[in-house]
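Taking the working numbering, the leading residue of the sequence shown gets 769, the next gets one more, and so forth. Ideal Cβ positions, reconstructed from N, Cα and C, are used throughout, including at glycine. On a predicted model such as this, the values are computed, not experimentally measured, just so you know.
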Amino acid sequence: MSVSETEAELTEDERAGLELVRETGGIHQSDFWKELDVSSRKGSRIVESLVEKGLVDREDTIYNGHNTYYITPIARDLDFTLLMAGDMLSPFIGEDEVDPNSDAFSQWIMNLAYEE
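Now the structure itself:
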C-alpha cells in the first residue's frame, strides 16, 4: 500500500496528528497530545498507529527532565517525473543559475512539448 493510500484511511485524529508532526518537522510526544487537545493515552495511541503505518518515526529522548519520545515525519513518496522532459532533467535543478534563453532550457522545453 502506498503512503497516499495509507493516509486516505487515517482517522480524523490520526490525520490531525500527522499534519501536526509534518508542520512542526518533529515534536515531543508530551507536547503532541497537548497540541491536539487529547489525553496523553489517546495521544500515545495516535502516535503508535502512525508509527505502525510507517508515517512517523519515534525516538526515545529526555525533554524537560522527563523521558518521552520525539516524533518525526517520514518522507513521503515524491514524484520526480514532474522535473523530467523525456529523459532530460530540468536544467533548473542544481546549483548553477540557468539562463531562460539558453540552449539547455530550450531543449528541455522542446522535449516537454513533444513528449508522448
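With residue i as the anchor, note down where its alpha helix (DSSP H) starts and where it stops.
i, result
"Arg813", "Ser808 to Glu820"
"Glu803", "Gln797 to Leu804"
Can you say whether residue i is buried or exposed, counting buried as having 16 or more other CB atoms within 10 angstroms of its CB?
i, result
"Ile814", "buried"
"Pro859", "buried"
"Pro868", "exposed"
"Leu851", "exposed"
"Gly785", "buried"
"Leu886", "In the structure displayed, the chain extends from 769 to 884; residue 886 sits before or after that span and is not available."
"Tyr882", "exposed"
Would you list the one or two residues that DSSP bridges to residue i?
i, result
"Ser780", "Rather than Ser, the amino acid found at residue 780 in this sequence is Glu. For Glu780, which the question treats as bridged, DSSP gives no partner whatsoever."
"Thr840", "Asp825"
"Asn835", "Ile830"
Taking just the CA atoms, how far does residue j sit from residue i?
i, j, result
"Asp825", "Asp871", "44 angstroms"
"Ser808", "Ile839", "14 angstroms"
"His796", "Gln875", "48 angstroms"
"Glu782", "Leu804", "10 angstroms"
"Leu857", "Phe800", "39 angstroms"
"Thr774", "Lys821", "7 angstroms"
"Thr829", "Gly794", "12 angstroms"
Quick check on residue i: does DSSP put it in helix, strand or coil?
i, result
"Leu857", "strand"
"Asp828", "strand"
"Asn879", "helix"
Given 8 angstroms as the limit, tell me if residue i has its C-beta closer than that to any heavy atom belonging to the ligand FMN.
i, result
"Met856", "As for the ligand FMN, it is missing from this structure, which has no ligand bound."
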